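Asks:
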Amino acid sequence: MEIKDELTEWFAKNHRELPFRKNKDPYSIWVSEIMAQQTRIETMIPYYERWMENYPSIEALANASIESVLKSWEGLGYYTRARKLHEGAKQVMNEYGGVLPSDASTLEKIAGIGPYTAGAIASIAYGQEAPAVDGNVLRVVSRLLMMEEDIMKQATHKKVKAIVREWMKGSRTSDFTEGLMELGALICTPTVILCDQCPLQKKCLAYQHQRQKDFPIKTKAKKPIEIQYQTLLIRKDNQIVISSDDSDGLMKGLWRLPQKKEFDTQNYTYLGKSKHVFSHRVWLMDIYEGTEYVLQEHEKWIAVDQLNDISLVGAHRKILEKYL
Ligand code: SF4
């Protein structure tokens, strides 16, 4: 049997029942793929269900305010994803009559849709022979073929894409793409490698040579930069100070507590430390509480009972939950 047949048969029998697999609606696939990019499936499911209730169609999403979109995303992190989904929905309404295009290269012209998501939508929703290559797929293919190339390199990515395109020819593309993703998520994972349950075991070079753990070849990611902040909890008359200064490029459009690098904390009380890890940066926060403060640019007072109505960065929401 060919890889495509083994994979699609295995997927048909073994896949998980997930809410976005109930139909092949392109919008559902789009939302679920964007949400799953930096979030575990189990974590994202309640967010996905709430999202589809709030914005059941591309039109509903395009008509929503960015504030409500960011609010719905709160807790998932990496807010650029929500912002781009919103922007993309508007673009689909304006340029494509409210319908997601079916071919991968046109899909890639839409805000927030990269080659992977374009491939996923085109193959899962529209039955196109369009590969969707992400980290899971790179790992599985790299083990199957014992690829010596570094999967962090663009050239390797391109090569894997061409291989997957060849494999999926004449397949039920939807089950093929989802099957490869599912295999990477459940059977051929970075740490747990369940070759005895793998439908591709007989074709796998890494298994034949018992070198599964040697693949994929991957250069180490750079260590995130640590930034030390004084994070201020300034409280007076049941109000606190918040800031919209997102000039560091992180979580644009979200409110946060004022953060300083050299602030005179003489009249403030030290509350403790907190740490938040982003993909390339780490915030090391010393938290101070005080009352006397002169508002700076981007800052304002807000009533404590209004904090639930605004979108706040997760790291600071946790601080407020702990100390307010
Ligand atoms: S046989 Fe093992 S290493 Fe090879 S693809 Fe399957 S799970 Fe991965």
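Numbering-wise (my numbering), the sequence shown opens with residue 3 and increments by one.
We put the CB at the ideal spot given by N, CA and C, even for glycine.
This structure is a prediction, so every number in the text was calculated from the model and none was measured.
What does DSSP give as the partner residue(s) for leucine 9 in the beta ladder?
Replies: DSSP lists no partner for leucine 9.
Asks: What distance in whole Å lies between the Cβ atoms of glycine 100 and glutamate 61, which are believed to be in contact at a cut-off of 8 angstroms?
Replies: Rounded, the Cβ-Cβ distance is 6 angstroms, consistent with contact.
Asks: Just mark histidine 278 as buried or exposed, buried being the case when its beta carbon has 16 or more other beta carbons within 10 Å.
Replies: Looking at its Cβ environment, which holds 16 or more other Cβ atoms inside 10 Å, histidine 278 is buried.
Asks: Would the C-beta of glutamine 212 count as close to ligand 1, meaning under 7 angstroms from any of its heavy atoms?
Replies: False, no ligand heavy atom lies under 7 angstroms from that Cβ.
Asks: Can you name, in chain order, every residue of its own chain whose Cβ lies under 8 angstroms from the Cβ of alanine 187, other than the five neighbours on each side?
Replies: Ile43, Asn138, listed in sequence order.
Asks: For leucine 20, verify whether its CB is less than 7 angstroms away from any heavy atom of ligand 1.
Replies: Because no heavy atom of ligand 1 lies under 7 angstroms away, the Cβ of leucine 20 does not count as near it: no.
Asks: Tell me the start and end of each unbroken alpha helix (DSSP H) in the segment 88 to 173 that is at least 4 residues and wholly inside, in chain order.
Replies: Runs of the alpha helix (DSSP H) inside the segment 88 to 173: 106 to 109, 117 to 122, 137 to 147, 156 to 169.
Asks: Return the CA-CA distance between aspartate 27 and alanine 127, expressed in angstroms with no decimal places.
Replies: About 6 angstroms.
Asks: Indicate the three-state DSSP secondary structure (helix, strand or coil) for glutamate 19 in the structure shown.
Replies: Note: glutamate 19 maps to coil in three-state DSSP.
Asks: Taking 7 angstroms as the cut-off, does the CB of alanine 187 come closer than this to any heavy atom belonging to ligand 1?
Replies: It does not: the Cβ of alanine 187 is nowhere closer than 7 angstroms to a heavy atom of ligand 1.
Asks: Quick one: is valine 306 buried, meaning 16 or more other Cβ sit within 10 Å of its Cβ, or exposed?
Replies: The residue is exposed, with fewer than 16 neighbouring Cβ atoms inside 10 Å.
Asks: Alpha carbon to alpha carbon, how far is leucine 326 from glutamate 180?
Replies: Using only the alpha carbons, I get a separation of about 45 angstroms.
Asks: Taking only the alpha-carbon atoms, compute the straight-line gap between aspartate 250 and isoleucine 229 and give it to the nearest angstrom.
Replies: Going by the C-alpha atoms only, they are around 11 angstroms apart.
Asks: Starting from serine 34, trace the alpha helix (DSSP H) in both directions and tell me its first and last residue.
Replies: Per DSSP, serine 34 belongs to the alpha helix (DSSP H) from 28 to 38.
Asks: For tyrosine 231, which residues from the same chain have a beta carbon less than 8 angstroms from its beta carbon, with the 5 sequence-adjacent residues on both sides left out?
Replies: Excluding sequence neighbours, tyrosine 231 sits near Gln261, Lys262, Lys263, Trp285, Leu286, Met287, Asp288.
Asks: Buried or exposed: methionine 149, going by 16 or more other Cβ atoms within 10 Å of its Cβ?
Replies: Buried: at least 16 other Cβ atoms inside 10 Å.
Asks: I'd like to check one pair, tyrosine 272 with tyrosine 295: are the Cβ atoms closer than 8 angstroms?
Replies: Not in contact: tyrosine 295 and tyrosine 272 (Cβ atoms no closer than 8 angstroms).
Asks: Would cysteine 200 pass as a contact of isoleucine 189 if the rule is Cβ separation under 8 angstroms?
Replies: Closer than 8 angstroms, so yes.
Asks: Taking the DSSP output, what are the residues bridged to tryptophan 303?
Replies: DSSP, once it has assigned bridges, lists Val243 as partnering tryptophan 303.
Asks: Indicate, with yes or no, if ligand 1 has a heavy atom lying under 7 angstroms from the CB of alanine 208.
Replies: Answer for alanine 208: yes, Cβ within range of ligand 1.
Asks: Check the DSSP bridge columns for tyrosine 231 and list the partner residues they point to.
Replies: In DSSP, tyrosine 231 forms a bridge with Met287.
Asks: For the beta strand (DSSP E) that contains histidine 278, what are its first and last residues?
Replies: Unbroken beta strand (DSSP E) run through histidine 278: 271 to 279.
Asks: Return helix, strand or coil for leucine 72, following the three-state DSSP convention.
Replies: It is helical.
Asks: Measure the C-alpha to C-alpha separation of isoleucine 31 and cysteine 197 and round it to an integer number of angstroms.
Replies: Isoleucine 31 and cysteine 197: Cα-Cα distance of roughly 29 angstroms.
Asks: Among Gln39, Leu102, Ala124, which residue has its Cα nearest to the Cα of arginine 83?
Replies: Out of Gln39, Leu102, Ala124, Gln39 has the C-alpha closest to the C-alpha of arginine 83.
Asks: Got a sec? Which residues, its chain only, sit under 7 angstroms from arginine 141 by beta carbon, not counting five neighbours each side?
Replies: Gly186, Cys190, Pro192, Pro218, listed in sequence order.
Asks: Suppose the cutoff is 8 angstroms on Cβ atoms and the five residues either side in sequence are ignored; what does the same chain contact list for lysine 224 look like?
Replies: Here the set comprises His282.
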